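Read the structure below first, then the notes.
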Amino acid sequence: IQNTLADGSTLKAETFAGEILWFGVPIRILVQSTDHNEGLLGTELFQCSIVELDPDANRVIFRKKAAHKR
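All residue numbers for the sequence shown refer to the working numbering, where the first residue is 23 and numbers rise by one.
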C-alpha cells in the first residue's frame, strides 16, 4: 500500500492484519511495515477519543469520550 503522509511525501508499506485491545475491546487493525525507525498511528483509531500529550512525563494519554461507544 502507498500512503501519503502529512508533509505530502509518500511511503510504500507492506500491510498485515492485527488486533489490539482499545479501551478493553478487541479492535482489528492494519499494521504496516516500513524501513523507518519511527511508528505512525492512523487518526481513525482516535475517533471518539481524547488524546492528551504530557511532554513533562514523556507520555501520551488516550481517554474515551463519555458520550461515545466504539
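Beta carbons are placed, not taken as given, at the ideal position from N, Cα and C, and that holds for glycine. Small disclaimer: the values here were computed from a predicted structure and weren't measured.
Span separating the alpha-carbon of residue i from that of residue j
{"i": "D78", "j": "N59", "result": "23 Å"}
{"i": "V53", "j": "D76", "result": "26 Å"}
{"i": "T65", "j": "I72", "result": "11 Å"}
Own chain residues within Cβ distance below 6 Å of residue i, not counting five before or after
{"i": "F45", "result": "K86"}
Residue i, enclosing beta strand (DSSP E) - first and last residue
{"i": "S55", "result": "V47 to S55"}
{"i": "D76", "result": "S71 to D76"}
{"i": "N59", "result": "Careful: N59 lies outside any beta strand (DSSP E) and carries neither H nor E."}
{"i": "T65", "result": "Per DSSP, T65 belongs to no beta strand (DSSP E) and is neither H nor E."}
{"i": "L39", "result": "Looking at the sequence provided, one finds Ala at residue 39 rather than Leu. Note, A39: beta strand (DSSP E), E36 to W44."}
{"i": "N80", "result": "Per DSSP, N80 belongs to no beta strand (DSSP E) and is neither H nor E."}
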